[in-house]
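Protein chains in written order, with this note's numbering: chain A, 14 to 512; chain B, -9 to 489.
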């Protein structure tokens, strides 16, 4: 296999990101001021971003391209997720600088591990065959195990790391087993192929046995196992159990990373596998995802009501939100003028959800870093102690509920649009009713902030770089909520690449 | 740009109040200027609406989310322009009656102004999604106003209000999206003006379900028995100004929606369902009236009387049952009139009750008595509102109820007779309450209390004037409503109010 300059160009964002990780860790050895290391990490993210823009311009001009003999497919869909990951990383670095100072003397390695994991997340949406899916997934997951256990003197953190390790291993094994079935049944690992002599999985399914779902028992077993394997990463019921535990135990920035970046990439690979790889069997998996979506959001929302820890609450909320996004995955329309609606709505909601969830996590991080108390009751009196943080958290929670004018509303609107367009009115109704349930616990947190008094009147202070990150995410919630057209168009163009 | 100014002036003022209104004086001054400006603008809209030309006027149309043909579409017709004026009147009364709010005045007035903007938006949006956005937007200020500045079980009541309304709107949103995607590609629109008169058969789900989705949302808001239970709690625990807004304009959103969307877009389903509506109406009227009798809290009493009076609105709309009669348009006109008159009358009742509570610090009817001695002006205001509420000729309450009974008698003789009994009950509970609180022997305990100050008199006058103007010269409203009702009647194949 020849590696050409073209291949390297197409993965230049990932290559520069890995290089940046090396630079950050190395710099830490010679520079005492950690602020400089963080600044290098944040500013350094511009390099992969610029590389990404270059690639984007290139494929816009010449069309979708593949690298490494089809192992990677670089299209607008993949680039959408690459940019999302980079943006999340930059905001995460800014907001967590204060929090991460507790990791001394391993602070730079913390950033380094995040950067390595992100390289995996950026490769994942571009995966063109099942092997690349697996390798990227492992590259993304392994650093997270260390990151979850990063506060190694804190029992809950090490517990979170161990849980993530075991469940990652199990889910990877299940995934590989499923891939083995798919390979055995179809004789190929290709998800997408531009070469008729080397057809992809989907082509092999078309002439299957119509009486068996997915055209054959082996394929069906393979799809179900693969769905289970991805289900862990998506926090999809019944593979959601680890989510609240890890969110609660892991350092808050790691929980935010898992909730936003890792989940987005997992959705990307699921969309790629099912929409591009298994689309001939859409009638079968569409219903499967519709049922899973309904169950996932209901379980997440109902269990969230009983939570007393705010990070656990966000964990269950992440499960519920995964359920909403699965609505978009299920809403497959095949052909017709609005065929891209389901995909487009998932992509849009992942972007909007990133802004909302990061806002929530950043505020929680800023507050708990000062108070050391991550119970919901610990937020009492924040309306007075931290007025701006409280407003921002309230905004994020309204966004998660889906109340206008936040991006959470338009995101859900698009998802339910897609469901109804795909003739799943019932699923849209389950979705909106779930939003009502979720209002109870999201607004409950707002209530604690404004209506419960705190004995401690001390104001919460926040460093300026964390304010900068919060300003970006909060502005995104409102701007994207009022003018969703731009991001929607980007999401649509990215979605069209898969159809 | 008149309508946009009407919606966004309160938003701008809300920002100004929050930024500049640190002191009570400055906050209320900014709010007062804003609502006086609003009243002038709404009067301009009312006076500027050309009844000869009819139809939709002051139209503003811009693309908002073009992917789903969602527009920023504002317009008024004969049905909505009186509602806009009503909102202008009550907005002024609400600020005047809040003159003494000392606790966090800048936030208080900010939420009050945002509430204004949201409710105004509901009445002038002609795009279903925009309508929904304003409909939901109103929840946030209401939640904070009740839970932060309310009394009693304010947290419980605020949450109950939120969940009930949110539940109703969940069904409404599903109905809207189903309607949109049921239309053939290329004709899909959320534009209410374009949807009027469209054949609504052959939707994705039976049309009755879409109709029901809207109906549930509006029935919660109006409220109709048995979905009314949030109302007494919200009213009782809300601050006075919020009770005024709630009774005055928020309930009207429900009635307006029934007329505009259920009757306007789905005449066929409305014809079929109207008999059931008539039964619900009679139950609401009588049940509300009987419950009033048992109340010992003045605010709860007024709240249940609202349930009873909103039953008349439902009854008026039900006059189209089974094809209706020549007088059905009179019934619909009466329903619209009742929305307007109940807004001013019950607004005034809440103002008077609020003024009594502010002074006596109790609303417990058995504790009160003989207040007309100490506070004759407030007692006068209460009596005007009370007499208008029981439908005394020369007041607007008489006109509205008369029109409703005229319109429905030919269609539902028995129901009309039973509902008319509600008027008798109203006379009973209003006079009985007045006798127990205002009249009777002087109570020494209340001797220190002062009568209404000029600002309180102003608040009452703002509402008394329309009560008598409409009572003595109803044509000023009936002509306007007729212009709005006639196109709806055309959907039923019935003659308009004029013909």
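Heads up, the beta-carbon is just placed ideally off N, CA and C, and yes, glycines get one too. Computed from a prediction, not measured in an experiment: that's the story for all the values here.
Span of the alpha helix (DSSP H) holding residue i?
i, result
"residue 439 (chain A)", "438 to 464"
"residue 171 (chain B)", "144 to 172"
"residue 277 (chain B)", "257 to 283"
"residue 265 (chain A)", "265 to 270"
"residue 303 (chain A)", "295 to 317"
"residue 369 (chain B)", "366 to 379"
"residue 41 (chain A)", "25 to 43"
Rounded to the nearest angstrom, how far is the Cβ of residue i from that of residue j, given a contact under 8 Å?
i, j, result
"residue 239 (chain A)", "residue 198 (chain A)", "The pair is not a contact, with the Cβ atoms about 12 Å apart (cut-off 8 Å)."
"residue 90 (chain A)", "residue 343 (chain A)", "Incorrect: roughly 18 Å between the Cβ atoms, too far for contact."
"residue 486 (chain A)", "residue 371 (chain A)", "5 Å"
"residue 477 (chain B)", "residue 186 (chain B)", "7 Å"
"residue 131 (chain A)", "residue 154 (chain A)", "Residue 131 (chain A) to residue 154 (chain A), Cβ: 12 Å. No contact."
"residue 481 (chain A)", "residue 107 (chain A)", "6 Å"
"residue 234 (chain B)", "residue 340 (chain B)", "5 Å"
"residue 37 (chain A)", "residue 50 (chain A)", "6 Å"
Pick out whichever of the options has its Cα sitting closest to the Cα of residue i.
i, options, result
"residue 88 (chain A)", "A:350, A:69, A:474", "A:69"
"residue 574 (chain A)", "A:191, A:382, A:91, A:375", "In the structure as shown, chain A begins at 14 and stops at 512. Residue 574 (chain A) is therefore absent and cannot be evaluated."
"residue 145 (chain A)", "A:81, A:124, A:181", "A:81"
"residue 134 (chain A)", "A:101, A:182, A:432, A:435", "A:101"
"residue 131 (chain B)", "B:115, B:236, B:54, B:173", "B:236"
"residue 486 (chain B)", "B:316, B:403, B:385, B:407", "B:316"
"residue 335 (chain B)", "B:-8, B:215, B:80", "B:80"
"residue 68 (chain B)", "B:114, B:7, B:26, B:382", "B:114"
"residue 125 (chain A)", "A:142, A:252, A:157", "A:157"
"residue 281 (chain A)", "A:86, A:489, A:491, A:52", "A:86"
"residue 23 (chain A)", "A:397, A:136, A:218, A:298", "A:136"
"residue 362 (chain A)", "A:107, A:428, A:301, A:298", "A:428"
"residue 1 (chain A)", "A:400, A:481, A:188, A:364", "Any question about residue 1 (chain A) goes unanswered here, given that chain A covers just 14 to 512."
"residue 298 (chain B)", "B:286, B:168, B:410", "B:410"
"residue 188 (chain B)", "B:196, B:53, B:169, B:204", "B:169"
"residue 399 (chain B)", "B:365, B:232, B:423, B:305", "B:305"
"residue 217 (chain B)", "B:182, B:425, B:383, B:274", "B:274"
"residue 78 (chain A)", "A:418, A:208, A:186, A:162", "A:208"
"residue 221 (chain B)", "B:136, B:198, B:90", "B:136"
Do the CB positions of residue i and residue j come within less than 8 Å of each other?
i, j, result
"residue 123 (chain B)", "residue 77 (chain B)", "no"
"residue 420 (chain A)", "residue 497 (chain A)", "yes"
"residue 402 (chain A)", "residue 455 (chain A)", "no"
"residue 461 (chain A)", "residue 511 (chain A)", "no"
"residue 123 (chain A)", "residue 113 (chain A)", "yes"
"residue 452 (chain A)", "residue 153 (chain B)", "yes"
"residue 158 (chain B)", "residue 206 (chain B)", "yes"
"residue 248 (chain B)", "residue 307 (chain B)", "yes"
"residue 309 (chain B)", "residue 329 (chain B)", "no"
"residue 369 (chain A)", "residue 253 (chain A)", "no"
"residue 245 (chain B)", "residue 331 (chain B)", "no"
"residue 201 (chain B)", "residue 256 (chain B)", "yes"
"residue 408 (chain B)", "residue 267 (chain B)", "no"
"residue 297 (chain A)", "residue 227 (chain A)", "yes"
"residue 25 (chain B)", "residue 85 (chain B)", "yes"
"residue 317 (chain A)", "residue 330 (chain A)", "yes"
Let's see if you can read the secondary structure: which residues bound the beta strand (DSSP E) around residue i?
i, result
"residue 283 (chain A)", "That residue, residue 283 (chain A), is in no beta strand (DSSP E); its alpha helix (DSSP H) goes 276 to 284."
"residue 65 (chain B)", "60 to 66"
"residue 48 (chain B)", "47 to 55"
"residue 423 (chain B)", "Counting along the chain, residue 423 (chain B) falls outside any beta strand (DSSP E), though it belongs to the alpha helix (DSSP H) covering 403 to 427."
Note to self: Three Cβ pairs or more, each shorter than 8 Å: is that satisfied between the stretch 290 to 309 of chain A and the stretch 332 to 349 of chain A?
What the structure shows: The answer is yes - the stretch 332 to 349 of chain A touches the stretch 290 to 309 of chain A, with three or more Cβ pairs under 8 Å.
Notebook entry, point to check: Any chance the stretch 366 to 384 of chain B sits against the stretch 268 to 281 of chain B, with 3 or more Cβ pairs inside 8 Å?
Noted result: Contact between the stretch 366 to 384 of chain B and the stretch 268 to 281 of chain B is absent: fewer than 3 CB-CB pairs across the two stretches fall below 8 Å.
Item checked: Given 8 Å, three or more beta-carbon pairs between the stretch 56 to 73 of chain A and the stretch 23 to 31 of chain A -> Result yes; three or more Cβ-Cβ pairs closer than 8 Å.
Note to self: Does the stretch 32 to 41 of chain B come into contact with the stretch 206 to 218 of chain B, if we say contact requires no fewer than three beta-carbon pairs (one atom in each stretch) closer than 8 Å?
What the structure shows: As far as the Cβ criterion goes, the stretch 32 to 41 of chain B does not touch the stretch 206 to 218 of chain B, which means the pair count is below three.
Check: Are three or more beta carbon pairs between the stretch 359 to 370 of chain B and the stretch 430 to 449 of chain B nearer than 8 Å?
Finding: The stretch 359 to 370 of chain B, when compared against the stretch 430 to 449 of chain B, does touch it at the 8 Å Cβ threshold.
Check: Can you find at least 3 beta carbon pairs, one from the stretch 309 to 316 of chain A and one from the stretch 264 to 276 of chain A, that sit closer than 8 Å?
Finding: Taking 8 Å as the limit for Cβ pairs, the verdict is that the stretch 264 to 276 of chain A does not touch the stretch 309 to 316 of chain A.
Item checked: Validate contact between the stretch 35 to 48 of chain B and the stretch 5 to 21 of chain B using beta carbons, cut 8 Å, 3 pairs -> Flag = no, the stretch 35 to 48 of chain B and the stretch 5 to 21 of chain B do not touch.
Check: Do the stretch 130 to 147 of chain B and the stretch 422 to 442 of chain A meet, that is, are 3 or more Cβ pairs less than 8 Å apart?
Finding: No: fewer than three Cβ pairs fall under 8 Å.
Margin query: Closer than 8 Å is the cut-off here; do at least three beta carbon pairs connect the stretch -2 to 15 of chain B with the stretch 97 to 111 of chain B?
Written below: Under the Cβ criterion (8 Å, minimum of three pairs), the stretch -2 to 15 of chain B counts as touching the stretch 97 to 111 of chain B.
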